[in-house]
Amino acid sequence: MSEIGLFPLLSHLQACPPDFFRPLQIPYAQWSTIIPALLHDFLSDHVPYREVQNQLNSTKVLNQPAQAEWLPPLCWLLSHPLFETVIGSDSVLPLLLELAQHLGAGFPPREVLNHPQRAEECLRALISRLHWPIQHESTAQSDTQLTYLSSVQKQQRVQLRQHKREREAAILKAQQRLLAMDNAD
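Residue numbers for the sequence shown follow this note's numbering, so the first one is 135 and each next one is one higher.
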């Protein structure tokens, strides 16, 4: 497998048409009935409709709006010619479901259009899952960059920094109280 150019894929992902996102005025319950049909259209040459339905039902991904809403944009992403070898295999549906679960835990799909870092994280997660090399990066560099961009890990780093700041503030406050008590004597 040759190295993957990240930025052409990034442009493709960010060009995802609005039709692939749930319109805000449509309730999720109605949108969730459209997703299997959209997946079937995307996978019609490779996976029978019944198998799409069975796998969707077995993973319960449609019960998780944050995850299910990722399926249409991921179909758009995987429509890029680079992924023809993946789409031609029977592993595409499990891949879609796994990616939707991973990405749904991190951020809403609309953020991909508005936040280039989230789009890059999405692509890096997909490319990492496929074990494809990224152009001009070693495997270690790719892993480091994905870790840096990871929404979940970034949130953990933010929480650790916040905890550290709160602890430092509490220590400072305690020191000031001790100083005030010493000065009062």
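Just so you know, even glycine gets a beta-carbon here, dropped at the ideal spot from N, CA and C.
For I268, the secondary structure class from DSSP, reduced to helix, strand or coil, is strand.
Around A200, the same chain offers G238 as residues with beta carbons nearer than 6 Å, after the five sequence neighbours per side are excluded. Nearest in C-alpha terms to L216, of all of L147, H297, V195, is L147. Partner residues in the beta bridge of I138, as assigned by DSSP, are I268.
In terms of Cβ geometry, A234 and L208 form a close pair [threshold 8 Å].
Spatial neighbours of L231 in its own chain (CB-CB distance under 6 Å, excluding positions within 5 residues in sequence) are listed in chain order as T193, V195.
Between R258 and Q279, the CB-CB gap stays under 8 Å. Secondary structure of Q159 (DSSP, three-state): coil. Under the three-state reduction of DSSP output, Q235 falls in the helix class. Spanning the alpha carbons of S145 and A303 requires a straight line of approximately 44 Å. When rounded, the separation of the alpha-carbon atoms in F176 and Q293 is 39 Å. Taken through DSSP and simplified to helix, strand or coil, C256 comes out as helix. Membership of C209 in the alpha helix (DSSP H) is indicated by the continuous run 205–212. In this structure the segment 297–316 does not lie against the segment 263–275, because fewer than three pairs of beta carbons, one per stretch, are closer than 8 Å.
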